[in-house]
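A.B. asks: Dropping the structure in here first, questions after.
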Amino acid sequence: MTLKALIFDVDGTLAETEKNGHRIAFNLAFEENNLPWRWDVDTYGDLLEIGGGKERLRHYLEYYQPEFNTQEPLDKFIRHLHHKKSYYYHELLSNNAIPLRIGVERLIIEAHRKGIILAIASTASEENVKVLLHTSLGKEMSQYFAVIAAGDMVKNKKPASDIYLLALEKLNISPENCLAIEDTNQGLIAATNAGIKTIITVNDYSKNQNFDEAILVLNSLGETNLPFLVIKGNSYNHSYFNIDLAQKICDETINY
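Each residue of the sequence shown is one higher than the last, beginning at 1156 in the numbering used here.
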């Protein structure tokens, strides 16, 4: 099948936004609101099992702080705290505190140059996606992405396939002509259940997750002078992920 589109997850895939972005921003929001909570790296890793920032906060309150009582309705409290978190997250992005992962910018440029449509399928809000793209890639390159399917556009977040189905609908392209690039088991399930072959680039939070359904599992997309490490799958003797390798993977016969 001809490769026509690459669909990227955002948090943890385009950049290490979880550990170095959202986690820090949550802690700054807690501090501003005089809350004695601090999410360390391990705690946040556990909380990542819950998709979506507001959903993560609700889960934390229910299971980690069951005695905590808000002075306002819970939904309003969560919205307020999440709004503050988003403010600090945008500040971190604006200060270039969260660089793109290895090989991401190179692959985006190559895909655009070769006429491959670029899309986003992320549990993050549309606003957070756009801020990351603008601050990390600049105004011109951020416009390379023809489609954004974000968490606030669908009812069910990953591992449900809603976000990928929305991306496919917007792209008007068959899943067989797409590849997804993800970093977690939740994202893998969401993409494969939508019929999309998926490449995984693991990070510190996801490296021990189950990726049996992934076509290729790597430590990064790699660079010409910084080869990727193949954890699972066939890299066809490539040392970094490019469109030639993507097309070879698209040609593989896989039945979901």
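Where is the CB? At the ideal position from N, CA and C, for every residue including glycine.
Small disclaimer: the values here were computed from a predicted structure and weren't measured.
Using three-state DSSP, classify residue 1161 as helix, strand or coil.
C.D. replies: DSSP places residue 1161 in strand when its eight states are reduced to three.
A.B. asks: Using CA atoms only, rank isn't needed, just tell me which of 1373, 1369, 1314, 1375 is closest to residue 1345.
C.D. replies: Nearest option by C-alpha distance: 1314.
A.B. asks: What whole-angstrom Cβ distance do residue 1165 and residue 1284 have, given they're in contact under 8 Å?
C.D. replies: Confirmed, Cβ separation roughly 6 Å.
A.B. asks: Can you check whether the CB of residue 1367 is closer than 7 Å to the CB of residue 1168?
C.D. replies: Against a cut-off of 7 Å, the Cβ pair of residue 1367 and residue 1168 comes out as no contact.
A.B. asks: Comparing C-alpha positions only, which one of 1260, 1363, 1333 sits nearest to residue 1353?
C.D. replies: Of the listed residues, the one whose Cα sits closest to residue 1353 is 1333.
A.B. asks: On the three-state DSSP scale, how would you describe residue 1357?
C.D. replies: In the structure shown, residue 1357 sits in coil (DSSP, three-state: anything other than H, G, I, E or B).
A.B. asks: Mapping DSSP to helix, strand and coil, what is residue 1378?
C.D. replies: It is a strand residue.
A.B. asks: What are the start and end residues of each continuous beta strand (DSSP E) run of 3 or more residues lying completely inside the segment 1164-1230, in chain order?
C.D. replies: Entirely contained in the segment 1164-1230, not one beta strand (DSSP E) run reaches 3 residues.
A.B. asks: If you draw a straight line from the C-alpha of residue 1411 to the C-alpha of residue 1257, how long is it?
C.D. replies: With a pLDDT of only 46 at residue 1411, under the threshold of 50, the placement of this residue in the model should not be trusted, and no figure is reported.
A.B. asks: Which residue comes first and which comes last in the alpha helix (DSSP H) that contains residue 1255?
C.D. replies: Unbroken run through residue 1255: none, as it is neither H nor E.
A.B. asks: Does the beta-carbon of residue 1259 have 16 or more other beta-carbons within 10 angstroms, so that it is buried, or is it exposed?
C.D. replies: Its Cβ being crowded by 16 or more others within 10 Å, residue 1259 is buried.
A.B. asks: So, does the segment 1271-1286 touch the segment 1304-1318, judging by three or more C-beta pairs under 8 Å?
C.D. replies: As far as the Cβ criterion goes, the segment 1271-1286 touches the segment 1304-1318, which means the pair count is three or higher.
A.B. asks: Decide yes or no for the touch test of the segment 1244-1256 against the segment 1389-1400: beta carbon pairs closer than 8 Å, at least 3 of them.
C.D. replies: As far as the Cβ criterion goes, the segment 1244-1256 does not touch the segment 1389-1400, which means the pair count is below three.
A.B. asks: Nearest by alpha-carbon distance to residue 1268: which of 1399, 1282, 1321, 1405 is it?
C.D. replies: Looking at the Cα atoms, 1399 is the closest of the given residues.
A.B. asks: Whole angstroms is fine: what's the gap from residue 1239's alpha carbon to residue 1159's?
C.D. replies: Approximately 38 Å between the Cα atoms of the pair.
A.B. asks: Shortest alpha-carbon distance to residue 1271 belongs to which of 1404, 1157, 1393?
C.D. replies: If we check each option's Cα against that of residue 1271, 1157 comes out closest.
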